[in-house]
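Residue numbers (numbering that gives the first Met the number 0), protein chains in the order written: chain E, 0 to 281; chain B, 0 to 281; chain L, 0 to 281; chain S, 0 to 281.
Ideal Cβ positions, reconstructed from N, Cα and C, are used throughout, including at glycine.
Below is one structure, written out as C-alpha cells; comments come after it.
Number of protein chains: 4
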Amino acid sequence: MMTIKLSHNSYGKSDVRLVKVTRNGQEHHMQELTVKVILSGNFSDTYLTGDNRAVLPTDTIKNTVYVLAKDHPIPSIEEFGVDLSRHFQERLANVDEVYVDIVETSWQRMVIAGKLHPYAFTGTNTEKNCCTITRTAAAVKIQSSIRDLLILKTSGSGFSQFLQDEYTTLKETDDRLLGTNLLVQWHYKQDNVNFAALRTQLRQILLEIFATHPSNSLQNTLYEMGKAALEKMPNLADIHLFMPNKHNLLVDFSPFHLENPNQIFMPIDEPFGMIEGRLEAE
Amino acid sequence: MMTIKLSHNSYGKSDVRLVKVTRNGQEHHMQELTVKVILSGNFSDTYLTGDNRAVLPTDTIKNTVYVLAKDHPIPSIEEFGVDLSRHFQERLANVDEVYVDIVETSWQRMVIAGKLHPYAFTGTNTEKNCCTITRTAAAVKIQSSIRDLLILKTSGSGFSQFLQDEYTTLKETDDRLLGTNLLVQWHYKQDNVNFAALRTQLRQILLEIFATHPSNSLQNTLYEMGKAALEKMPNLADIHLFMPNKHNLLVDFSPFHLENPNQIFMPIDEPFGMIEGRLEAE
Amino acid sequence: MMTIKLSHNSYGKSDVRLVKVTRNGQEHHMQELTVKVILSGNFSDTYLTGDNRAVLPTDTIKNTVYVLAKDHPIPSIEEFGVDLSRHFQERLANVDEVYVDIVETSWQRMVIAGKLHPYAFTGTNTEKNCCTITRTAAAVKIQSSIRDLLILKTSGSGFSQFLQDEYTTLKETDDRLLGTNLLVQWHYKQDNVNFAALRTQLRQILLEIFATHPSNSLQNTLYEMGKAALEKMPNLADIHLFMPNKHNLLVDFSPFHLENPNQIFMPIDEPFGMIEGRLEAE
Amino acid sequence: MMTIKLSHNSYGKSDVRLVKVTRNGQEHHMQELTVKVILSGNFSDTYLTGDNRAVLPTDTIKNTVYVLAKDHPIPSIEEFGVDLSRHFQERLANVDEVYVDIVETSWQRMVIAGKLHPYAFTGTNTEKNCCTITRTAAAVKIQSSIRDLLILKTSGSGFSQFLQDEYTTLKETDDRLLGTNLLVQWHYKQDNVNFAALRTQLRQILLEIFATHPSNSLQNTLYEMGKAALEKMPNLADIHLFMPNKHNLLVDFSPFHLENPNQIFMPIDEPFGMIEGRLEAE
C-alpha cells in the first residue's frame with residue numbers, strides 16, 4: 000500500500016510593508032522595508048488533520064514585524080532581520096528554521112535651497128538593498144544583497160573568438176555596449192560588522208571595476224568585479240553575481256545606405272543572456 | 000595570501016519566445032513557448048582570462064531553440080525540453096549540466112457559429128503549463144508544473160483553534176473565502192508517459208479536492224490536494240504545492256451600523272500568507 | 000500683474016477593490032470589481048486656501064462604494080455604476096460631474112465531476128468587462144467596454160500594396176499572423192437595455208468577423224468588426240476599437256539554409272503598431 | 000437604412016525604443032528614448048476597402064525614427080519630437096495630424112575615483128522626462144512632462160475640517176505623511192526656449208514648494224506648487240498636476256497596548272486618492 004510522506008513544509012507572511020519614521024528633533028529619518036518571514040519545522044498536524052494548535056497565524060507574524068520595527072533602531076536591515084528571526088526562533092517550539100527576507104526601498108533627502116531638507120524625500124530609485132537571514136538553533140546565516148542595479152558602459156567591451164557551430168550568426172566585435180541589471184549577493188566571514196558601510200564600499204568597488212576593466216566577455220567582467228571585492232574587503236567570505244546581458248542591438252542602417260558606427264541601438268528586454276558566477280575567498 | 004575560487008558558474012539564454020504554427024490542411028495548431036537554456040560546466044577560461052573559445056554564444060543558443068522547434072513535433076513541452084537539453088549535452092564538451100525551462104502560454108480555439116474555428120484563437124488565460132529539464136551525463140530529471148492557476152472558494156473553509164500570543168488579533172472563523180494562486184510542481188516515477196494527458200488529469204484532481212474538501216487550514220487543503228494526486232496517479236513520484244493565501248478581508252460595516260454577513264470583501268495583494276508543502280509517495 | 004486661474008480640478012478614489020458574494024442557498028454567486036469615482040466641480044476653496052469644508056474625503060468615497068455594493072443586486076456593472084454616480088450627484092452640492100469607472104475581473108465556476116460547482120471558482124482570465132459612467136445634472140452617459148481580449152489568427156491575413164518610401168523595408172505578404180489585444184468601447188442609443196446580454200452578443204460578433212473576414216490590413220478588419228456590430232445590434236450608437244498589432248516576426252532561417260514556411264515566429268511586445276477607429280451609426 | 004460612418008481613425012507605431020551614443024573623443028554621451036508616432040487623417044480606404052496605397056507601414060515609421068535620431072543632435076526631446084513630427088507632416092499628403100510622444104529614461108554618469116566617468120552609467124532612476132508634440136498644418140503644440148517623480152514628506156501636512164456624512168470614518172489629523180507619485184504636464188507661451196534648463200528649473204520649484212509649504216490638503220499643496228511655477232517662470236502658459244495620494248496608514252498598536260506616535264506606517268498601493276488640477280497664467 001502507498002504511504003504518503005510530507006517531506007517538506009513551510010509557511011509564513013510575505014510582502015509585509017512598513018515605513019518607519021524616526022524623529023531627531025526637526026530632522027526626520029525614514030526607512031521603507033518589505034519583509035518576509037517563513038517558518039519551517041514540525042507543522043504536520045495542520046497539514047494532515049487540520050489541527051492548528053501549533054500554527055501561529057501569518058497575521059500574527061505580520062503584527063510582530065510591526066511591533067518589533069517600532070522598538071528596533073534598525074541601524075541596518077541585517078541587524079533588524081537577525082533580531083526578527085531570533086524572536087520567532089525563541090518563541091516557537093515547533094520551528095526548526097526561520098527565514099527572513101528584507102528589501103529596503105531607497106529614499107533620498109531632497110536638496111532645497113542648497114541644503115538637505117529635514118523631512119522631505121524623493122523615492123525614484125529602483126535599486127534595492129536587501130538581505131536574508133536563515134536561522135536555526137545551531138546557526139545564523141546572513142546574506143546581504145543589492146538588487147536591480149542597472150549599469151551600462153558604451154566603451155571598453157568586446158566579445159570575440161568564441162565557439163561557433165552551424166547555428167552561430169553572431170558577429171565578433173571589439174566594441175559593443177555592455178549593460179546589465181546587477182543582482183549581487185554576499186556573506187561575511189564574521190557578522191559583527193558595519194553592514195551599511197561595507198555595503199557602500201562593496202557597491203563602489205563593483206562599479207569601479209565594471210567601468211574600468213576592459214571586458215572580453217560579461218563572464219570576464221563578472222569575475223574581475225567579484226575578485227576585486229574579495230581582495231579589497233578581507234571580511235567577505237563569498238560573492239555571487241547575477242548579470243543578465245541586457246542587449247542593445249545595433250540598428251542595421253544598410254537598407255538606407257547609411258553607416259551606423261555604434262551610434263544608434265535598439266535596447267531589448269528579451270531574450271537576454273544570463274551570466275552567473277560565485278567566487279569564494281579561500 | 001588570499002586565493003580566489005570560482006565555485007559556481009553558469010550561463011545561457013532566457014526568455015526566448017516562439018510561436019509554432021503546424022498546418023494540418025485547413026486546420027492550424029498553434030503553440031506559444033518561452034524557453035530558457037542554462038549551461039553549467041568548465042567555463043572558467045572566459046571568467047578568469049577572457050578566453051571565449053569554449054563559449055557558445057547565448058545568441059547561438061537562441062538560434063538553436065528556433066531551429067529545433069521547427070523540426071520537433073512538440074507533442075508536449077516536456078518532450079521538446081528533453082530533446083533540446085540533449086542537443087547541448089551531446090555537443091558541448093565542457094558542459095556538465097543543461098537546464099531547460101519552458102513556459103507554455105495558453106491559446107484556445109475560438110468557437111464561431113457553434114464550431115471550433117480552424118485557425119482563430121483567443122489567448123486570455125493567465126494559467127501556464129511549464130516544465131524544467133535538468134540533464135547531466137548521468138541522468139535526466141523532468142519536473143512538470145502549472146503556474147498561476149487562480150482558484151477561490153466562497154464556502155467550506157475555516158481557520159480556528161490556532162496558536163495565539165500577545166500579538167494575535169486574528170479572529171477565529173468557520174466561514175471565510177479561501178483563495179490562492181496555485182503553483183504546483185511534480186515529478187513522475189518513469190518518464191515515458193503521456194505528459195499532456197497526465198497534466199490534465201492532475202489539474203482536475205487538484206481542483207476537485209480544493210472545491211470539495213472542507214478546509215480547516217490552507218495547509219490542510221494543500222495536503223489533501225497533494226495526497227489525492229499521489230493516490231490516484233500511481234506514476235507520480237512527488238508533488239510540491241505553493242499556495243499563497245490571497246486574502247479577502249471582510250469589510251467592517253459596524254461604523255455604519257450595518258451587518259456584513261460574509262457579503263462584501265476587500266481583496267488585497269499584500270501582505271499575503273505563503274503556504275508550501277511537498278508530498279512524496281513511498 | 001499675473002493672474003493664476005484654476006482652470007480644471009477633480010478628485011476622487013481609485014482602485015477600490017471589492018468582492019461581493021451573493022448566496023442563493025447552497026449556490027453562491029461572486030463578483031470582483033475595481034471601482035474608481037472622480038468628482039469635478041467647485042472645489043476651489045481647498046486648492047486656494049486649504050479650506051476643506053466642501054471636500055468629502057476620498058476615504059468616505061471608498062466606504063460608500065462598499066456600502067452601496069452591499070445593497071445593490073449588481074445585475075450589471077453599468078447599472079451599479081449608474082446608481083453609484085447618482086448617489087454622489089444627489090448628495091454633493093458642489094459637484095458638477097461624477098465619473099465612475101468599473102472593471103470586472105472574470106471568475107468562472109469550476110466544473111467538478113461534470114457539474115458546475117456551487118461555490119468554487121477559477122479566475123485565470125485576463126479579459127475584463129468594464130464601463131464608465133459620466134453623470135452631470137443634465138445627462139448620464141454610459142460607456143461599456145471590454146479590455147485585454149487577446150485574439151490571433153494564423154491564416155486569412157495579408158498586408159500589401161502599401162505606400163513605400165526610402166525607409167521602407169517591410170515586405171508585402173499575403174499570409175501572416177494577425178494578433179491583437181483588443182480594447183473595444185461602445186455606447187447604446189437607449190440605456191434601458193440588458194447590458195450583460197448585449198455585451199455577450201457584441202463580443203461574439205467581434206470574434207466572428209475577426210476570424211472569418213479576409214484581412215487586407217488590420218484597419219480593414221477593425222472596420223468590418225465595428226460595422227458588423229452596428230448592423231446587427233440596432234441599439235448600438237457607436238463603437239470604438241483599439242487594436243495594437245501584436246507582431247509575430249517570421250524567424251529568418253536562411254543563415255542555416257533552411258526554409259521557414261510560416262512555421263516559426265518570434266512574438267515581440269515592442270515596438271507595436273497601434274490601429275484605432277471609431278464607427279457611428281447614422 | 001443604416002449608414003455607418005468612420006468618425007475617427009488613427010494609426011502609428013508605439014514603443015520604438017532607441018539608445019543614442021554620441022562620442023566626443025573619449026567622453027560619451029548616451030540617451031535612451033521610447034518614441035510613439037500616431038498619424039490621423041484621411042485613411043478611410045484601408046478601413047473600408049483594404050486599399051493600402053495611402054498607408055505608410057508602421058514598420059517604416061519605426062525605421063524613420065531610427066534614421067532621424069541618427070542625424071539629430073537631440074539637445075532636448077522636445078526639439079527632436081518637433082522635427083520628427085515635421086518629417087511625417089511634410090511627407091504624407093493624407094495626414095491631418097501627427098502626434099509624437101517621447102519618454103526619456105534617465106542615465107547618470109558614474110562617479111569613479113571621485114570623477115565623472117567618460118562612458119560608464121547607472122540607470123536606476125524611475126523618474127522620466129517626457130513630451131508630446133501635436134502637429135497639424137496650422138500649428139505645433141508642445142507639451143512637456145515629468146512622470147513618476149515619487150515624493151514624500153513626513154511632516155508639515157494635515158487634513159481636517161472636511162465634509163462628513165454617515166459613511167465618514169476618517170479621523171482629522173494635523174500630522175500625517177504626505178506622498179505622491181507626481182505627474183506634471185506643462186506648455187510654454189513661446190517654443191524657442193531652452194527646454195532642458197527650464198525643465199530642471201520647474202522640477203526644483205515643485206520640490207521646494209512640496210517640501211516647505213504647510214499642507215492643509217493635497218489639493219492645497221498641488222495649487223501652491225503650480226502657482227509658484229507660473230509665478231517664477233513667466234514663459235509657462237499652464238501647468239497640470241496629477242497627484243495620486245499614496246497612502247501610508249498608521250498601524251494600529253492599541254491591541255498591543257502600545258502607542259504609535261506617527262512612527263510605524265503601512266504603505267498601500269490601493270486604493271489611492273487621486274487629486275488633479277490645472278492652473279493657467281492669464
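Expressed to the nearest angstrom, what Euclidean distance is found between the alpha-carbon atoms of residue i and residue j?
| i | j | result |
| --- | --- | --- |
| Ala195/E | Ser75/E | 6 Å |
| Val20/E | Met29/E | 5 Å |
| Ile141/B | Leu235/L | 53 Å |
| Ala284/L | Met1/S | The shown model of chain L, from 0 to 281, leaves out residue 284/L, and the question about it has no answer. |
| Ala119/E | Gly157/S | 15 Å |
| Leu249/E | Arg22/E | 51 Å |
| Pro117/E | Leu5/S | 57 Å |
| Ser43/E | Ser159/B | 16 Å |
| Asp58/L | Asp70/L | 19 Å |
| Leu229/S | Ser39/L | 23 Å |
| Ile37/E | Asn244/L | 44 Å |
| Leu162/S | Arg52/L | 5 Å |
Whose CA, out of the options, lies closest to the CA of residue i?
| i | options | result |
| --- | --- | --- |
| Arg146/L | Thr33/L, Gln184/L, Lys19/L and Ala92/L | Gln184/L |
| Leu177/S | Asn261/S, Thr59/S, Lys4/S and Asp251/S | Asn261/S |
| Glu26/E | Lys4/E, Val34/E, Lys114/E and Arg90/E | Lys114/E |
| Gly98/B | Ala138/B, Thr167/B and Leu151/B | First, the residue type needs correcting, since residue 98/B is Tyr and not Gly in the sequence shown. It is Ala138/B. |
| Gln218/E | Lys35/B, Val54/B and Phe271/B | Val54/B |
| Thr168/S | Thr63/L, Met109/L and Leu205/L | Thr63/L |
| Leu83/B | Glu126/B, Lys61/B, Glu103/B and Ala92/B | Lys61/B |
On the criterion of 16 or more Cβ atoms from any shown chain inside 10 Å, does residue i qualify as buried, or is it exposed?
| i | result |
| --- | --- |
| Glu31/E | buried |
| Ser154/B | buried |
| Arg16/S | buried |
| Asn193/B | exposed |
| Gln107/S | exposed |
| His246/S | buried |
| Asp237/E | buried |
| Ser253/E | exposed |
| Glu223/B | buried |
| Asp268/S | exposed |
Taking DSSP as the reference, what is the three-state secondary structure of residue i?
| i | result |
| --- | --- |
| Gly11/S | strand |
| Leu172/E | First, the residue type needs correcting, since residue 172/E is Thr and not Leu in the sequence shown. Here Thr172/E sits in strand by DSSP. |
| Leu162/S | coil |
| Ala136/S | coil |
| Arg202/S | helix |
| Ser216/L | coil |
| Ile267/E | coil |
| Arg85/E | helix |
| Arg90/L | helix |
| Met224/S | helix |
| Lys152/L | strand |
Listing by chain order, which chain S residues have their CB less than 9 Å from the CB of residue i?
| i | result |
| --- | --- |
| Phe241/B | None at all; the shortest Cβ gap to chain S is about 23 Å. |
Would you mind telling me which residues of chain B sit closer than 8 Å to residue i, beta carbon to beta carbon, in chain order?
| i | result |
| --- | --- |
| Glu230/L | Going along chain B, no residue has its Cβ under 8 Å from Glu230/L, so there is no contact; the nearest lies around 17 Å. |
Please list the partners that residue i has in chain B, where partner means a Cβ-to-Cβ separation under 7 Å.
| i | result |
| --- | --- |
| Ala210/L | Met109, Ile111, His116 and Ala119 |
| Tyr166/S | Phe255 |
What residues of chain B sit near residue i, judged by a beta carbon separation below 9 Å?
| i | result |
| --- | --- |
| Ser13/L | Here the premise fails: no neighbours, minimum Cβ distance about 14 Å. |
Should residue i be listed as close to the ligand HEM, given that the test is whether its C-beta is under 6 Å from any heavy atom?
| i | result |
| --- | --- |
| Tyr65/L | No copy of the ligand HEM occurs in the structure displayed, which carries no ligand at all. |
Could you name the residues of chain L that residue i contacts, counting a contact when the two beta carbons are closer than 9 Å?
| i | result |
| --- | --- |
| Met1/S | Leu229, Glu230, Pro233, Ala280 and Glu281 |
Taking C-beta pairs closer than 8 Å, name the residues in chain E that residue i reaches, listed in chain order.
| i | result |
| --- | --- |
| His256/B | Here the premise fails: no neighbours, minimum Cβ distance about 26 Å. |
Applying a beta-carbon distance threshold of less than 7 Å, which residues of chain E neighbour residue i?
| i | result |
| --- | --- |
| Glu171/L | Within chain E, no residue comes near Glu171/L; the closest Cβ sits about 15 Å away, beyond 7 Å. |
So which residues of chain L does residue i contact, with C-beta pairs closer than 8 Å?
| i | result |
| --- | --- |
| His27/B | Thr153 and Ser154 |
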